[in-house]
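Going down the list, the protein sequences come from chains A and B.
To convert a position in the first sequence, counted from 1, into my numbering, add 11.
To convert a position in the second sequence, counted from 1, into my numbering, add 3.
Structure record follows, encoded as C-alpha cells.
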Amino acid sequence: MPKLLEYQGKSLLRKQGMLVPEGDVATTPGEVRKIAEKLSKPVVIKSQIEATGRSKAGGIKFADNADEAEKIASELLGKEIKGLKVEKVLVEEKLAIDREFYAGLIVNDSYKVKGPVLMFSTQGGVDIEEVAAKSPEKVVSMNVDILDGLAVNDARELVSKLNVATPLVDLLSQVVYGLYEVAKNYSARSAEINPLVLTKDGKIYPADCRVVIDEASVFMYPELEIEYPREIGRAPTELERLAWKVEEKDYRGIGYFVQMAKDFNPGEGYVGFHGIGGGGAMLGADALMRHGLKLANYADTSGNPTASKVYRIVKLIFSQPNIDGYILMGPVVANQEQWHHAHALVRALREELKNRPNFPVIILIAGNKEAESLEILSEGLKGLPARIEIYGRDYVYNVDYIADRMKKFVEEYRKA
Amino acid sequence: MAFFEFTFRTGKVIIDYEKCKNCETYVCVKACSLFGGNLFRIEDGRPALIAGPEEAGKRCIEDLTCELYCQDYGNKGLKIILDPLDLGK
C-alpha cells in the first residue's frame with residue numbers, strides 16, 4: 012500500500028481546511044534556507060522518508076535560524092536513514108508544544124467491522140499500540156458506518172469520552188472529523204496524526220501525518236503523483252516499475268513482482284520465483300530457502316488474473332539475468348481458473364526456453380480446471396529443451412519434495 | 004479484406020484471412036468460446052466478430068487461446084500482439 016510522505020499528508024489536511032504548521036518541502040540546502048528565511052523563526056527540518064521513528068534515527072532536527080537550517084539540511088539531504096535515502100525535507104515552524112494527542116483511522120477488514128475505525132487518545136507522540144497496551148483508559152475508538160458517514164457530533168462524542176477540557180473538545184473534534192474526511196476522500200486504508208499538538212497559544216496542529224492509500228484506488232488520485240504504490244521500503248527497481256505498469260490500469264487479478272536480489276552470478280542458486288496463493292506461496296518460498304536455494308524475486312499471480320497478465324509477469328521473471336531456474340509454486344487448491352495460467356505459461360515458456368537447454372523448470376499448479384491445465388501444460392511444453400516437471404494437487408502439501416527437486420535440478424544444470 | 008484486427012485492453016488481435024481460407028478447424032472460434040469471451044462466430048468459412056470491434060475489445064478476457072490454438076492446430080493466421088513492456092536488454 013502506498014504511504015504518503017508527511018508533507019503530502021499534511022497538504023491533504025490543509026486542503027480539508029485544517030490548521031497546518033507553516034512551511035514547505037525542499038530538495039536542496041538552498042531551498043531550505045529560503046524557506047527558513049521566509050518563516051523567520053525557529054524551524055524544524057524533517058526528513059521525508061517512508062519510515063516512522065525518524066526522530067530517534069536522527070532524521071528530525073531543529074534550527075534557530077536560516078544559516079543553521081541550511082547547514083542541517085546539507086547533512087540530512089542524501090543521507091541514508093533506516094535504509095532510505097533522504098531526498099526531500101520538510102521545513103516547518105517549530106511549535107511550542109503544550110500537550111500531545113493522537114487521532115487515527117484504520118480500515119478494519121474483520122468481518123465484525125468491515126469499515127473504518129476512528130481512534131483518539133490523550134497521549135500522543137508514541138505508538139498507539141503501546142498506549143492501548145499500557146494505558147487503555149487513554150484510548151477510545153468507534154466504528155464508523157460507511158453508509159451513515161461521520162458527523163462532527165460523532166467525533167465530538169468520541170473525544171468527549173476522555174478527560175479533555177471543554178474548550179478543546181470542539182477543536183479536537185474538528186480535527187478528528189477532518190481526518191475522517193481526508194481518509195474517505197482519498198480512499199485511505201489508514202490515516203494518522205501523531206502527535207496532534209496543542210500549542211502554548213491554544214491552537215491545535217498536526218505535528219506529523221501518515222496516510223496510507225488503498226493500492227487499488229491510486230488511479231483515482233493522479234494529483235498525488237504516486238509512481239509506485241507498493242510498500243517495499245526502498246526505491247523500486249526498473250523491473251519492479253515495469254511490473255507495476257502491468258498492474259496499474261488492469262485490476263483483473265493480481266500481478267505482483269518484487270526483486271529480492273540483483274547482480275548475482277550464474278550458479279549461485281538464485282531461482283525465479285512465481286507463486287500462486289499468498290500464504291501457500293510463501294510456505295513454498297520458505298521451503299526453497301530451507302533447501303539452500305535463493306529467491307531472485309517474489310512474484311504472485313492470484314485472484315484469477317488474465318493470461319496476458321500472467322504471461323507478462325513470467326516474462327519479467329525471465330528477464331532477470333543469471334537465474335538458475337524457474338518455479339511456479341502454487342501449493343494451494345486455488346479457485347481461480349488455472350487454465351489461464353497454463354496458457355500464459357505455454358506462451359511465455361515457449362519463448363523463453365527454446366534457447367535454454369536443461370534449464371530447470373518446475374510447475375506446481377492445482378485447483379479449478381486443474382486436470383485441463385496439467386494437460387495444456389504437458390502438451391504445450393512438449394519438445395522444449397528445458398528440464399520441466401509439472402505437478403498437481405497431490406503435491407500441494409509436499410512443498411519440501413518440490414523444493415528438493417528444484418535444488419537437484421539447479422545443481423545438475425550448473426554442473427553441466 | 005485480407006487482414007482484420009481489433010484491439011483489446013492491453014494489445015490487439017490480427018487475423019490474416021488469406022491463411023484462414025483453407026482452415027477447417029475453426030479452432031480459434033472454439034477456443035474463444037471455451038476459454039475466453041466467446042467473441043467469434045464463423046462467417047463465410049472464417050472467424051468474424053459476433054459484436055463490433057469495440058464491444059469485442061471490452062469483452063475480451065485476454066486468455067490468449069485464439070492465438071495459441073490457431074498456431075498449434077489451425078492455419079497460423081491469427082496473432083496476438085501484446086502491448087510491449089520495455090524490458091531493455
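Every residue gets a Cβ at the ideal spot worked out from N, C-alpha and C, and that includes glycine.
Does the separation of the CB atoms of residue 275 of chain A and residue 338 of chain A fall below 8 Å? no
Answer yes or no: do residue 189 of chain A and residue 299 of chain A have a C-beta to C-beta separation smaller than 8 Å? no
Option nearest residue 246 of chain A by Cα separation, candidates A/63, A/50, A/96: A/96
Quick check on the burial criterion: 16 or more other C-beta atoms within 10 angstroms. Buried or exposed for residue 8 of chain B? exposed
Would residue 20 of chain A and residue 186 of chain A be called neighbours here (beta carbons separated by less than 8 Å)? no
Straight-line Cα distance separating residue 154 of chain A from residue 39 of chain B: 42 Å
Tell me which same chain residues have a C-beta within less than 7 Å of the C-beta of residue 171 of chain A, skipping the five on either side of it? 180
Give the C-beta separation of residue 413 of chain A and residue 373 of chain A to the nearest angstrom, bearing in mind that I take them to be a contact with Cβ-Cβ under 8 Å. 6 Å
Taking only three categories from DSSP, how would you classify residue 232 of chain A? coil
Rounded to whole angstroms, what's the CA-CA distance from residue 87 of chain A to residue 41 of chain A? Just pull it up for me. 13 Å
Is there a C-beta anywhere in chain A that falls below 8 Å from the one on residue 42 of chain B? no
Have a look at the DSSP bridge pairing and note the partners of residue 101 of chain A. A/36, A/57
Three-way DSSP call (helix, strand, coil) for residue 311 of chain A in this model: strand
Compare the beta carbon distance of residue 269 of chain A and residue 333 of chain A with 8 Å and say whether it is the shorter of the two. no
Using a Cβ-Cβ cut-off of 8 Å, state whether residue 345 of chain A counts as contacting chain B. no
Per DSSP, what kind of secondary structure is residue 377 of chain A in: helix, strand or coil? coil
Does any CB atom of chain B fall closer than 8 Å to the CB of residue 253 of chain A? yes
The beta strand (DSSP E) with residue 216 of chain A in it runs from where to where? 215–217
Should residue 312 of chain A be flagged as near chain B, meaning a C-beta pair shorter than 8 Å? no
For residue 274 of chain A, decide whether its Cβ has a neighbour in chain B, counting only Cβ atoms nearer than 8 Å. no
For residue 261 of chain A, decide whether its Cβ has a neighbour in chain B, counting only Cβ atoms nearer than 8 Å. yes
Could you check whether the stretch 306–321 of chain A touches the stretch 344–360 of chain A, counting it as contact only if at least three pairs of C-beta atoms, one from each stretch, sit closer than 8 Å? yes
DSSP three-state assignment for residue 56 of chain B, whether helix, strand or coil: helix
Chain C partners of residue 12 of chain B, CB-CB under 7 Å? Among the chains of the structure shown, chain C does not appear; the protein chains present are A and B.
Restricting to runs no shorter than 4 residues, where is the alpha helix (DSSP H) found entirely within the stretch 42–90 of chain A? 77–87
Ordered along the chain, which non-local residues of its own chain (more than five positions away) have a Cβ less than 7 Å from that of residue 346 of chain A? 378, 379
Contact the stretch 98–105 of chain A vs the stretch 30–41 of chain A: 3+ CB pairs below 8 Å: yes
Where residue 416 of chain A meets chain B, residues with beta-carbon distance less than 9 Å: Within chain B, no residue comes near residue 416 of chain A; the closest Cβ sits about 27 Å away, beyond 9 Å.
Starting from residue 417 of chain A and walking both ways along the beta strand (DSSP E), at which residues does that stretch end? Segment 410–426 is the alpha helix (DSSP H) holding residue 417 of chain A; no beta strand (DSSP E) there.
Note down, in chain order, every chain B residue with its Cβ under 9 Å from the Cβ of residue 285 of chain A. Ordered by position in chain B, no residue passes the 9 Å Cβ test against residue 285 of chain A, which lies about 16 Å from the chain.
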